[in-house]
Each structure stands twice: as C-alpha cells, then as structure tokens.
Amino acid sequence: MAISVPRKRFKFRLDFWTVVTLVSLGLVMILLVYPLFNILITSFISEGKWDISNYQSFFKYKHYYGALFNSFLVSSLTTLFACLIGIPLAYVMTRFNIPFKGLINILIILTLLSPPFIGAYSWILMMGNNGFITRFLNEIGIPFKSIYGLHGMVWAFTMQFYPHIYLYVSGALKTVDRSLEEASENLGIHGWRRVCRVTLPLILPTLSTGALMVFMASFADFGTPMLLGQGVKVLPILAYEEFISEMGTNPAMASTISMILLLITTSLLFIQRYVISKKTFGMSSMRPPAVVKLKRPVRILATLFVAAIVLTSIIPQATVITTSFIKTNGPVFTNQFSLDSYKEVLYRVPKSILNTFTYSSMAIVIMVAAGLLISYVVVRRKSKLTSLLDSLIMIPYVMPGTVLGISLIIAFNKPPIALTGTWVILVIAYVVRKLPYTLRSSTAILYQIDKSVEEASISLGVPPMKTFFKTTAILMLPGVMSGAILSWVTTINELSSTIVLYYGATSTITVNIYSEVINANFGTAAALASILSLSTIISLLIVNKISGNRGFSL
Amino acid sequence: MAQITIDHVTKYFGDAKGVDDAHIDIGHGEFFTLLGPSGCGKTTLLRTLAGFYQQEEGSIYFGEKCMDSEPAHKRDIGMVFQNYAIFPHLTVFENVAYGLRARKVSKQDIERRVSEALEVVELSAHRSKQPAQMSGGQQQRIALARAIVIHPGLLLMDEPLSNLDAKLRLKMRSEIRALQKRLNITTIYVTHDQEEALAVSDRIAVLNQGRIQQVGRPHEIYLNPVNRFVANFIGSTNFIDTEIMGYDPATKKANMRIAEQQVSVPLDRAYNGKALFSIRPEQLKLKKANTDSEVPSVVGSITEVTFLGEKVEYLIDLKNGQTVQVNDHAVSYSELRGVGQFAEVCFHVSDAVIFDEEGKEAIKSNGNISAAQAI
C-alpha cells in the first residue's frame, strides 16, 4: 500500500522573490562590493607593483598619521561632550514636567538633521576671526582667537550630534520599568546613587549605540572639518585631498586612507556590538516611569537648562535663515532686509536646486521600492543568500561618504561601466549610502506584521505576489515611507560623497553652499542653506503626520 | 466516497519528520479534529492541506482531484487562523468580501453574500467598522465569515479559539459547531485542547511526534484509547502497574495481579508479563460501608483531598506504593473522607484498558465498546 516516493528535498523554483533576491544581490555586488574590492586592491599597489608601501607611508609621515590622531581626538571629545549634554537632557525631558516638550523635541531633531556644515558655517559667522561673539569676548577681556581649529570642530559636532544621545537615551529611559527603580529606592539606594547604580547601567547598551553614532558621524564628516580646519586636517579631508589634489591625483593613497577609515569604523561597530551583546537586558516596560511634577523653582531651573542647550544648538539654523534675508555687500552683511540672496541663487544656480531635489527624489523612490522588496526577502524568505544580501547592504552603514565616493569613482571611471560625471553615479551613491537605514526600518515593520495575514489572502484565492502588494506592502508603506523621508532629508543635505562625485552640471545645493562659503558669498550660501532647512522642516512635519506621532526612528 | 484523502503524507523539516506517514479519510460534511500537544505535527498537517507546505511523500486528494501540485491560492479553502489574520487596512465588509473579489463575483452578489455571512456571525451592525476597533471575539467572527462566504470545499481552522478568554471560548465553540452543521462544510479543526476537541468533533485524530496515534469518535478516543499516550493525553487517567499471568487461549482470559488482588481479565490477544492497567479517576469508586463486595477492590490510605464542589478528588496511596486518583461525587457530608483515612477503591474491570508494559498497544480494550458502537 505505502508507495515510497522519492523525496523532493531540493526543489528550486524561480518565483518572483527568487528574482528579487538574485537581482538585488547582483546590483549590490556591482555597486558596492566591486568598488570596495577595487580600492582594497588599489591600496596595495604602488608603481605597478604589489606591496604595502602605501600603508608604510601612511604611518611614516606626520601629515598622514597626524590626521588620524586628529580624527580620533575630535571624535572622542565630541562623543564625550555629546554624552555629557545628551544624557542629562534626556533624563530631565523624560522624567520631569518640562513645558513645550513637543516643540523642544522637534527642535532637537531639526538640529540633528540640518546639513552638517551649516552648523560650522554659522559658527564661523558668529565666532570666526571677525565674528560678533569673538569680538565681544575679546572686548570683555576673554582671550578667544576664533573657532577655527580642532576645538571648533568639537564644538560644532557636539552641538549638532548630541541629539543622537538624547534620542537613544530618552527612548531607553522610557522602557525602564518603574518597579526596578522602586525596588532600588526600597533597598535604600536613592537620588543620585540610584541614577548611577540602577538607571545608567540599564540604559548603557542603548547609550553605547548612540555614542557610536556620534563617533561615526563626527569621524566621517567632511564639511565641518573642511570649513573649520584651516590647515588642521582630519582623515576624510586627507582622503579627499589625496584624491582631488592640485598636484595630480593619488588614488592609491586615497584608497589607503579609505581602507584605514573603513577598518576603524568597522572595528568600532563590532567592538560596540560585542560589548552590548554581553550587557543587554530584556526589559518589557509594563509601567513606564512616572513624570515627576517638579516644584516651581526647580522646574524653572530645569527648563532653563533644557532651553539653554536646545536654543544654543538651534542658533546655526536661526542664523542661517535670518542672514538669508539680509542684504549683503560682498562678504559683509548690512542691516537691511532683502530678498537679493534668493534672487541671486535662483538666477545663478537654479540647476543645482533642481538637481538636489531630482536626485534625492529618484533615490527615495528606489529606496522605498528596494526597502519593501528586500526587507521581504530578508525577513520572510530567510536563507543563506538573503542573509548575505542583508549583511552586504549594511556595509555602507560604516562607510564614510568620502570613502564611498572615492570607491565609486575608481570603479566606474572607465568602461565597461563608465559613470563618472553623470547624475546616475550620484543617485547610486545616495541609494547605496541610505539604503541600510531604509532597510532597517522596513524590516522592523515587517517583523510586526503577521505572516498569516498573507496566508489568509492566499487561501482566499489571491496569488502570492498579488497578495504581497494587496496586503503586506500596503501595511508596510507608512513605516517605509517615514523611514525613506528621513533618508531623503539626509540625502538633500549630503555633501561628503557628492563633493567627490559631482561635475559642474551635476552639482547640488550642498556643493554650492560649500563653494559659496569658501568664496565668502555668505548671503547666497545662507539662502541656499535656508532652502534646505525649510525642506527639512516640511519633511519632518510630513513624517510626523504619517507616523501619527509615534515618534521618529532614526 | 471520502471528501478529503490524506494518503500516507510525510513532511520533513530538515531531517526531522513534521508529519510522519499520515493517512486519513474525511467524509463530506464531517467535523474532523487534529488533536495533540504542541509540536505534534497537527498544524503542519493542516498547513500542508492548505498548500503552505509541500509534503515530500504521499498525496492529498480533494474528492478525486490530486492537490499535490496545486498552489495554495487555487485550493478553494477557507482558513481561520489562530490570530485571526484580519486585514487591518480593510473594513469588516471588505475583509469578508476579499475572497469574493478575488473570484470576480459580481457586485450585487458580493453585497448579498457578504451581508448574509455577516448576519450568520451576527456582525451585520459592524459592517463598515475598522477591525482594530473590534474585540477578539468579534475579530474571530470576521475571520469565520471571511472563510465561509466563499463557500469553500474545505474549511480549515487552526486553533481558532486559543486567543479568547475561557467564557467566550465556550460560547464560540458551540457556535462554530452549530454553524458547521448548518452549512454542512467539511471542516478540519486543529486544537491542543482535548475538551474542546471532544465537544465539537465528529471524529478526532490524536497526533504525537508527527504520527497519528488514533482516529475515532470522541467517546471512542476517551473510553478506549489505543495506547498509553492517548489515554494520558485525553482526560486524566490512573496507570497502575500490574502483572498478567496464565493466559488461557480457550477462554481468552488471564489472571491479573493488581496491588494485593488477583483478578481474572479477558484479553484481546495472548499476553503474559508486566502490563499497565489504565482506568479513569471517575471510573474508580470509594467503597461505601453497606455496598456489596462483588466488584474487585484495592485498599490504601487517603493522602490528599481536593474539594471542587461538584466532585471531590482523592489521592490514595495503595499498599504497593502507587498512588491513584479517585473522583467521587460527594452527595452528602457523611460521604466526605479526610486525609489519613483508610479507603477501599473498587472498579469494574470492563471499564479499564490494559496496555503492554511500554504502553504502546492495548491488550485489553474497554469491555463496553461494542455496546458503545451502537451510539
């Protein structure tokens, strides 16, 4: 009776999702792995021979290793200060009844999402050699030369990146169950000692993720050190200059520096992951901590503390927007209101404004589509292939923009794929750089969507692919969209890979701001920067609307 | 002719068998339940029927038609999921209409059939609501309406009541049963709750570790389990170690030593040696002072008394060191016993099932089964 049928164990079906997996893998191989492999090879070739002389030079000349030291110094100090500001701010904001919390949150996020170098540029306006704060400080007898130099970078970075710490820590503080702190009080440990011995250790894993974000962001940033460095160099600047140097390019050294940058960011990521893997506590917040109602004088003090930080960090944006409406006379601002700066940018660089929005929008469309499809294969079609795809796509998470730019140029400046100088390479760079974020938010949403919803649809007679678009895709879309819009915001503000990849006709707003600042056309730079700020604010409002005040996940 | 034929189906997960050589025929309009502990393969078998899994061996037939290469969306199955799987972005009406739209049913027919289905599950008033606003029980009704509105050839239900609270679960299970009988839809129902299975099913298949242990009507499975697993999984039972001696092929009887007693028992087949005597707590009685002593009994002392109102559970240590549970109906104060008291536990051999030493096979089935067959 029992007929033994051979087991069909390895059945290969070329369905839609297999195609998605294979195509995505192919594209990732060409657009990410091949360029990376290329700079790896290039870094080991000098004068046509295989050797490690590039690396030897790097560690021999102070010009090179000094920049490495500078990078470490700036990033470490920034991380330290960002924690010192971000942790108390998060604690005060989550635990006490501070007024206008919603507005304060928006301002903090706005600070984070403004183009990095706009901060630098505004601080120059205020604290440059002839800035009004510099003059004021000198007048009252405080010796302050200017913001140029490493200390200026630390200041500008801290003021921009502390929101990472704030957002991560306040998220974690909200999930600390009240009973843990109550238990501690009960055991006689309270006040500051309770915060240090219970609350801080509990949020440490999350804090370390935030700290890593700050370190990586300041380590990889290009615009701020370029504007504030004035001769003091950090690694991304060095890589850029080696690549686009007046003395003729040196792709080998640029590749070497890129590899060193990449090695450092990757190791940091792994160290952080390793450390938190040993220290992660599962916390299910049944009862989030209560918001303490402070007594009047204490409440005023706490509010002043919050306001001082948030207002200081939003000054650059305010300065930029204000100065964009002031008449300029060369690099000097007058006291008159005028729209001249806007007229001038619309007359002089309409193309780059258009470019910014065109390229970013193309990138967002691709990212939404890729986010939906790739997250699906990663989550629902788990296999060795899809987990490989997942980890490859995450590589750009640790890739400084300059490195990505350099790797793309080296890979695609010659046939068979010659893309250098086209807009395509910019869109590729944006998608590759931001896809990790879109993919993370998409997979997070997909994990929350029940698989049986799809099965219900299939059993009711709708084929699998159509089912995906009729059910899961629709359910994922709000989350994917808000993730993608946040990526869009960082894309319109992108400078570090654009500056390597653009050509005259494909220049963007950020590139123009950068060159206007270098040429001391502060009025037009401010107008361009204001356009970006306004777009950022509008986008944030849209995200807030879509996510229904569920908050931002960056 | 069987409506559904599961013909020696085996489903592998890696090298492990999720379902091992399942063979079942299910009749038209039958309410058939797959029952077993978690991981026993019941859901795997259900999902294989639905087409979400592809079996490696064997075949599945709906009527005459082989379903092996038929994709899930063409199997014409209504499925109700454990977590309801309601489409959260569609209204109640659109949820129920979903399968009809996929079948290109005309607008008027969709309107009529969805309205009917909503009426059947008593949700007509909620047709334009969003599912998120509805309770668990209501969501389960949407899921049910959505599955039956397409008039499926087969209705599959995967633990549909396990997410509901106890009271609602009782109400819904009788509603599901009534609806299934009214619409006469062949139904396969998965549950781990033996009481639920006994209550709703025409027939039950008990599964363990991927293998079907027994298929039968609820009372057959309860009263006449074929092995130790089934006896233990359905309800609770006492296993008492015994020894069978002196099997007589002529009378098909043997002597059984149980505790300090020697009892003559009829056997289904020749057997000598150690055996497991299985009897339900309610089939054991505490001997009252004035009753006759014809039935066999064993003696021991009461170690625990749990008073549950309608019944009293006694744990009794027998003289051979084993403990048995007796469920007694306490009618009056005078019948209540206390801890430490002496007790004489009596039983009818015909009620009991006896298994071989490993509990793999019954060597004596329930003596009343031939009478029960007539039910």
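Chains as they are written, first to last, in the working numbering: chain A, -6 to 547; chain B, 6 to 380.
Even glycine gets a Cβ: it sits at the ideal position worked out from N, Cα and C.
Small disclaimer: the values here were computed from a predicted structure and weren't measured.
Delimiting residues of the alpha helix (DSSP H) encompassing residue i
{"i": "V482 of chain A", "result": "465 to 485"}
{"i": "L51 of chain A", "result": "The sequence as given places Phe at residue 51 of chain A; Leu does not occur at that position. From DSSP, the alpha helix (DSSP H) with F51 of chain A extends over 46 to 53."}
{"i": "I302 of chain A", "result": "289 to 317"}
{"i": "L200 of chain A", "result": "193 to 213"}
{"i": "P93 of chain B", "result": "Run containing P93 of chain B: none; DSSP gives neither H nor E here."}
{"i": "Y27 of chain A", "result": "27 to 36"}
{"i": "R52 of chain B", "result": "47 to 55"}
{"i": "E69 of chain B", "result": "No alpha helix (DSSP H) contains E69 of chain B, which DSSP labels as neither H nor E."}
{"i": "T258 of chain A", "result": "244 to 270"}
{"i": "D333 of chain B", "result": "Where D333 of chain B is concerned, there is no enclosing alpha helix (DSSP H), although the beta strand (DSSP E) it sits in stretches over 328 to 333."}
{"i": "E349 of chain B", "result": "Element bounds for E349 of chain B: not the alpha helix (DSSP H) but the beta strand (DSSP E), 347 to 351."}
Whole-angstrom distance between residue j and residue i, CA atom to CA atom
{"i": "D246 of chain B", "j": "G343 of chain B", "result": "26 Å"}
{"i": "G454 of chain A", "j": "A107 of chain B", "result": "6 Å"}
{"i": "G23 of chain B", "j": "G46 of chain B", "result": "5 Å"}
{"i": "S450 of chain A", "j": "Q218 of chain B", "result": "33 Å"}
{"i": "T431 of chain A", "j": "V473 of chain A", "result": "7 Å"}
{"i": "K316 of chain B", "j": "N332 of chain B", "result": "6 Å"}
{"i": "T96 of chain B", "j": "K134 of chain B", "result": "5 Å"}
{"i": "S64 of chain B", "j": "D26 of chain B", "result": "10 Å"}
{"i": "L272 of chain B", "j": "Y227 of chain B", "result": "19 Å"}
{"i": "E349 of chain B", "j": "P223 of chain B", "result": "31 Å"}
{"i": "I80 of chain A", "j": "T72 of chain A", "result": "12 Å"}
{"i": "V482 of chain A", "j": "T503 of chain A", "result": "12 Å"}
{"i": "N514 of chain A", "j": "Y340 of chain A", "result": "15 Å"}
{"i": "E164 of chain B", "j": "C76 of chain A", "result": "50 Å"}
{"i": "A90 of chain B", "j": "L304 of chain A", "result": "48 Å"}
{"i": "Y58 of chain B", "j": "T49 of chain B", "result": "8 Å"}
{"i": "G56 of chain B", "j": "G215 of chain B", "result": "18 Å"}
{"i": "T321 of chain A", "j": "R433 of chain A", "result": "44 Å"}
{"i": "T379 of chain A", "j": "I237 of chain A", "result": "37 Å"}
Sequence-distant residues of its chain with Cβ nearer than 6 Å to residue i (five each side left out)
{"i": "I402 of chain A", "result": "T413"}
{"i": "V147 of chain A", "result": "V67, L70, T71"}
{"i": "S400 of chain A", "result": "P28, L29, I32"}
{"i": "I(-4) of chain A", "result": "With a pLDDT of only 45 at I(-4) of chain A, under 50, the local geometry of the prediction cannot be trusted, and the value read off the model is given with reservation. Correct list: empty, nothing qualifies."}
{"i": "V304 of chain B", "result": "E349"}
{"i": "Q310 of chain A", "result": "S107, S526"}
{"i": "A232 of chain A", "result": "A247, I250, S251, T395"}
Inter-residue CB distance, residue i and residue j (contact presumed, cutoff 8 Å)
{"i": "I5 of chain B", "j": "A280 of chain B", "result": "With chain B covering only 6 through 380, there is no way to say anything about residue 5 of chain B."}
{"i": "F74 of chain A", "j": "T199 of chain A", "result": "Between T199 of chain A and F74 of chain A the Cβ distance is about 19 Å, and since that is not below 8 Å, they are no contact."}
{"i": "V211 of chain B", "j": "V235 of chain B", "result": "5 Å"}
{"i": "T217 of chain A", "j": "S163 of chain A", "result": "The Cβ separation is near 25 Å, so there is no contact."}
{"i": "V85 of chain A", "j": "I91 of chain A", "result": "6 Å"}
{"i": "F98 of chain B", "j": "R132 of chain B", "result": "4 Å"}
{"i": "I153 of chain B", "j": "A130 of chain B", "result": "That pair is no contact at about 19 Å."}
Cβ shell of residue i (< 7 Å), same chain only, five flanking positions each side left out
{"i": "G345 of chain B", "result": "S306, I307"}
{"i": "G142 of chain B", "result": "L169, L173, M177"}
{"i": "D81 of chain B", "result": "P157, G158"}
Beta-carbon proximity check, residue i vs residue j, cutoff 7 Å
{"i": "M469 of chain A", "j": "L382 of chain A", "result": "no"}
{"i": "N505 of chain A", "j": "V313 of chain A", "result": "no"}
{"i": "T249 of chain A", "j": "N47 of chain A", "result": "yes"}
{"i": "S490 of chain A", "j": "L397 of chain A", "result": "yes"}
{"i": "P584 of chain A", "j": "T395 of chain A", "result": "Beyond the ends of chain A as shown, which are -6 and 547, falls residue 584 of chain A; an answer cannot be given."}
{"i": "M120 of chain A", "j": "I135 of chain A", "result": "no"}
{"i": "M84 of chain B", "j": "S452 of chain A", "result": "yes"}
{"i": "S528 of chain A", "j": "M360 of chain A", "result": "no"}
{"i": "V338 of chain A", "j": "A520 of chain A", "result": "yes"}
{"i": "A549 of chain A", "j": "P393 of chain A", "result": "An answer regarding residue 549 of chain A cannot be provided, because it is not within the stretch -6 to 547 covered by chain A."}
{"i": "V372 of chain A", "j": "L439 of chain A", "result": "yes"}
Close-in-space but distant-in-sequence residues of the same chain around residue i (CB under 8 Å, 5 per side omitted)
{"i": "S435 of chain A", "result": "G364, L365, I367, S368, M469, G472, V473, G476"}
{"i": "V270 of chain B", "result": "I249, K258, A259, N260, M261, V354, I359, K369"}
{"i": "R0 of chain A", "result": "Because the pLDDT of R0 of chain A is 46, which lies under 50, any placement of that residue in the model is unreliable, and the question is left without a value."}
Limits of the beta strand (DSSP E) - the one that residue i falls within
{"i": "L39 of chain B", "result": "36 to 40"}
{"i": "L320 of chain B", "result": "317 to 323"}
{"i": "K22 of chain B", "result": "21 to 31"}
{"i": "L161 of chain B", "result": "159 to 163"}
{"i": "L281 of chain B", "result": "278 to 284"}
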